[in-house]
Amino acid sequence: MLQIVQGAYFRPVPLTDTLHRGVLYTNLRTFDHQALEFMFGRLLPSTAFDGLRTLTVEARERLETLSLNGTPEVLVATSGDQLLDEIADVIAFQLNVVCVRDPNTARRLIALGDGEAARRRGPASILRQTFDATVILKDEAIAELEAFVRELVALERSHYEAVMRAVRQVVSATLMVDEDPTLAYTLMVAALESLGQAAEPHSATWEEYDHTKRARIDAALKGIDDKSRGAVRDAVLANEHIGLQRRFVAFVLNHIEPCFYRKEAGAAIRPIPAQHLRKALKQAYAIRSRNVHALTRLAPEMFLSSDRSDTVWVEGETLLGLEGLARLSRHVIRNYVTRAPKGVTKNFDYRSALPGMVRARLASQYWIHNAAGFDHKRAPVYLNGMLSFLIEGMSGRSETGLVDMKSVLDRIEAIAPGLARRDQRIPMVGMMALWNEFAPVDDRRSLKKKLQRLFDSDLSEPSMTAFAVALLAGRGLPWGLDALHALSAARTSERSGNSAQPMPARIDAALNLLVADGLLGRGDRDAGLAELARAVETVPGLDDLVRFEERIRAGDNPTLDLRKFILSQDGFLAEKADADPSDTVAPPDDE
6 MLQIVQGAYF
16 RPVPLTDTLH
26 RGVLYTNLRT
36 FDHQALEFMF
46 GRLLPSTAFD
56 GLRTLTVEAR
66 ERLETLSLNG
76 TPEVLVATSG
86 DQLLDEIADV
96 IAFQLNVVCV
106 RDPNTARRLI
116 ALGDGEAARR
126 RGPASILRQT
136 FDATVILKDE
146 AIAELEAFVR
156 ELVALERSHY
166 EAVMRAVRQV
176 VSATLMVDED
186 PTLAYTLMVA
196 ALESLGQAAE
206 PHSATWEEYD
216 HTKRARIDAA
226 LKGIDDKSRG
236 AVRDAVLANE
246 HIGLQRRFVA
256 FVLNHIEPCF
266 YRKEAGAAIR
276 PIPAQHLRKA
286 LKQAYAIRSR
296 NVHALTRLAP
306 EMFLSSDRSD
316 TVWVEGETLL
326 GLEGLARLSR
336 HVIRNYVTRA
346 PKGVTKNFDY
356 RSALPGMVRA
366 RLASQYWIHN
376 AAGFDHKRAP
386 VYLNGMLSFL
396 IEGMSGRSET
406 GLVDMKSVLD
416 RIEAIAPGLA
426 RRDQRIPMVG
436 MMALWNEFAP
446 VDDRRSLKKK
456 LQRLFDSDLS
466 EPSMTAFAVA
476 LLAGRGLPWG
486 LDALHALSAA
496 RTSERSGNSA
506 QPMPARIDAA
516 LNLLVADGLL
526 GRGDRDAGLA
536 ELARAVETVP
546 GLDDLVRFEE
556 RIRAGDNPTL
566 DLRKFILSQD
576 GFLAEKADAD
586 PSDTVAPPDD
596 E
């Protein structure tokens, strides 16, 4: 929001103008109580000399008054929460202070006094300055904050979003250094890693490779000629080149400026030497990985020593402590902001980034009639939408279950004959078959004989589409139990991938139920129960279906009305074991 409200992504149309005002609780102190002007708005320091200090923030939010089609916008303003939160986080990050909107959080974190004793307890004993009772806001810091904000909002959109995520994560991490130091450390490493995702590390040298691994490989290469030895080393380094740890280390080192070891290190306690930083970064990444994958905690030396030092000695190794990692994070992110591309990102619609906006799928009846963009790749989605709405109509929950699909059906007649592969045609074939089965007689399509024969041939072979059409149309299934069992197995495998034909869940479950019924009927109990379990797990939490499974496993012979089940109607499970068998559907015996 901080970038959006500056107006770079607005059209030349009238804008709304909303003033958001909030209170930020902080340890910043100013001697001049005049309002501080920034590009995002104003900060008004409190005049209180003692106790918790506050900044009243005023930020203007402007949004377009007209939508893209020229009608008045529905949204004229947001709550302002995200904008004020972003401002608070940027202040906290850039100035290395507490700046939060919750007074209780500020009271819990900020040291109770300015003396040395107060800084030896709680979070103030871990991070330098961040939680001190008083941090004087100097003119130099004000100018640096304004410069940072201006550079930040000038970034191309993707870089702005990446930086804001990293900034907010670093700030969140600092707020928990006392409560959960391991998570705080992990979050700071992850913040830097997130910015380095697009960075490509330089090619590693053999001397940079892990010495233990290097020794093993060199020992195995003894007696091999230099050319072959070099080829093996190059192959090993090529694999190492894309390692996540190497990418992280390379990104951070590439964003270190000389001032990190000079001016910025002036007040630091045991700042890390440049020669040790690469190894310390590898250790930091390893700490992050051990926490993420094995929940390994930080060594107590990392947070129990109260000297707020950059580095910590742990088991013979010099590691970046929480203070050192926090200082490094601020340095790297600031340099990233300075170097990242600036400008307006074309085709970015700011509305997509407004807070409080959610995206939901339209019910299928509102889009399955639209032929724009319809092709064989989109046909599976259209078929699923058509089946879903048709089921709503058959159950009585919708008046018709059909919409006017003339333009889509025209496209099917034009596209399908030119598709050589049956798997590309079959969703369109299913849509045409369903239309001609359920549409009013006068609206049904009369296909050319050659095309009708092709469609009939496609539907004669086992497939989920053909199964769904036959099931809803109430036709007998033309395939035997073994063919249905094979279809069920293929469908189970297909649904585990990314290219499965989307289908209403109860149709998938109906296939499992039919196969289970057939397998149990011929005495294959284990396979039948496995199919029944798949049906239950396809529509999880359905009490009657769970009860049906339990009764089958107990040796009962309950009856399930498959049509009611598919249509999501109540009473699909008969309570009496001797219910009318005509209510059930079972596959034909194999010939």
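Every position in the sequence shown, counted from 1, becomes a number in the working numbering once 5 is added.
Built from N, CA and C at the ideal position, the CB exists for glycine as well.
As the structure is a prediction and not an experimental result, all values here were calculated from the model.
Reference residue i; option with closest CA among the options
| i | options | result |
| --- | --- | --- |
| Glu554 | Gln250, Glu404 and Asp531 | Asp531 |
| Arg238 | Leu57, Glu212 and Leu49 | Glu212 |
| Pro17 | Ser72, His38, Phe45 and Asp37 | Ser72 |
| Gly46 | Gln11, Phe36, Gly435 and Arg58 | Gln11 |
| Ala82 | Ala421, Leu249, Leu20 and Thr110 | Leu20 |
| Val172 | Arg496, Glu442, Val337 and Ala365 | Val337 |
| Arg112 | Arg383, Phe136, Met436 and Ile92 | Phe136 |
| Met410 | Ile431, Met437 and Ala419 | Met437 |
| Pro128 | Asp487, Glu149, Val102 and Phe153 | Val102 |
| Leu249 | Arg221, Arg500 and Ala289 | Ala289 |
| Arg430 | Glu63, Asp380, Thr405 and Phe472 | Asp380 |
| Arg267 | Pro278, His260, Val257 and Ala304 | Pro278 |
| Ala240 | Ile222, Phe253, Val257 and Phe256 | Ile222 |
| Pro360 | Leu482, Glu66, Thr31 and Arg313 | Glu66 |
| Met307 | Pro507, Leu188 and Gln370 | Leu188 |
| Leu464 | Leu439, Leu57 and Ser51 | Leu439 |
| Tyr30 | Ala93, Phe43 and Gly85 | Ala93 |
| Arg568 | Thr70, Arg295 and Leu477 | Leu477 |
| Arg106 | Leu300, Gln87 and Ala122 | Gln87 |
| Arg252 | Pro276, Arg283, Met181 and Thr350 | Arg283 |
| Thr343 | Ala146, Leu572, Ala159 and Met6 | Ala159 |
Residue i Cβ short of 8 Å to the ligand NAP heavy atom set
| i | result |
| --- | --- |
| Gly378 | Inclusion of the ligand NAP in the displayed structure is not the case, the ligand content being empty and no account of it being possible. |
Bridge partner(s) assigned by DSSP for residue i
| i | result |
| --- | --- |
| Leu565 | Leu578 |
| Leu142 | The partner list for Leu142 (beta bridge, DSSP) is empty, contrary to what the question assumes. |
| Leu20 | Glu69 |
| Trp318 | Thr323 |
| His336 | DSSP output for His336 lists no bridge partner at all. |
Endpoints, the beta strand (DSSP E) within which residue i is located
| i | result |
| --- | --- |
| Pro432 | Not the beta strand (DSSP E): Pro432 falls in the alpha helix (DSSP H), residues Arg427 to Phe443. |
| Glu42 | Leu41 to Phe43 |
| Leu47 | In the sequence as displayed, the identity of residue 47 is Arg instead of Leu. That run of the beta strand (DSSP E) goes Gly46 to Pro50. |
| Arg356 | Run containing Arg356: none; DSSP gives neither H nor E here. |
Secondary structure of residue i, DSSP reduced to three states
| i | result |
| --- | --- |
| Tyr30 | strand |
| Leu324 | strand |
| Lys347 | strand |
| Ala64 | strand |
| Asp594 | Legend: pLDDT at Asp594 = 48, less than 50; position of this residue unreliable, value from coordinates given subsequently. Three-state result, Asp594: coil. |
| Val81 | coil |
| Arg112 | helix |
| Arg600 | Lying before the first or after the last residue shown, residue 600 is absent from the chain, which here runs from 6 to 596. |
| Val105 | strand |
| His25 | strand |
| Asn74 | coil |
| Phe153 | helix |
| Gly526 | helix |
| Ile131 | coil |
| Asp447 | helix |
| Arg419 | Looking at the sequence provided, one finds Ala at residue 419 rather than Arg. Ala419 falls in the helix class under three-state DSSP. |
| Asp312 | coil |
| Gly329 | helix |
| Phe136 | coil |
| Val182 | coil |
| Tyr14 | coil |
| Tyr570 | One detail in the question is off: residue 570 reads as Phe in this sequence, not Tyr. In this structure, Phe570 counts as helix in the three-state DSSP scheme. |
| Ala159 | coil |
| Asp531 | helix |
| His381 | coil |
First and last residue of the uninterrupted alpha helix (DSSP H) at residue i
| i | result |
| --- | --- |
| Glu459 | The question names Glu, but residue 459 is Leu in the sequence shown. Where Leu459 is concerned, the enclosing alpha helix (DSSP H) stretches over Lys454 to Ser465. |
| Ser163 | Arg162 to Thr179 |
| Gln87 | Asp86 to Leu100 |
| Ile373 | Premise fails: Ile373 is in no alpha helix (DSSP H) and is neither H nor E. |
| Ser400 | Ala384 to Ser400 |
| Met193 | Pro186 to Leu200 |
| Asp409 | No alpha helix (DSSP H) contains Asp409, which DSSP labels as neither H nor E. |
| Glu554 | Asp548 to Arg558 |
| Phe308 | Glu306 to Leu309 |
Output the residue ranges of the alpha helix (DSSP H) runs that lie fully inside the segment 209-294 and measure 4 residues or longer, sorted by chain position. 216-225, 231-246 and 249-259
Whole alpha helix (DSSP H) elements within the segment 472-515, 4-residue minimum: Taking only runs of at least 4 residues, the alpha helix (DSSP H) segments lying wholly in the segment 472-515 are 486-500.
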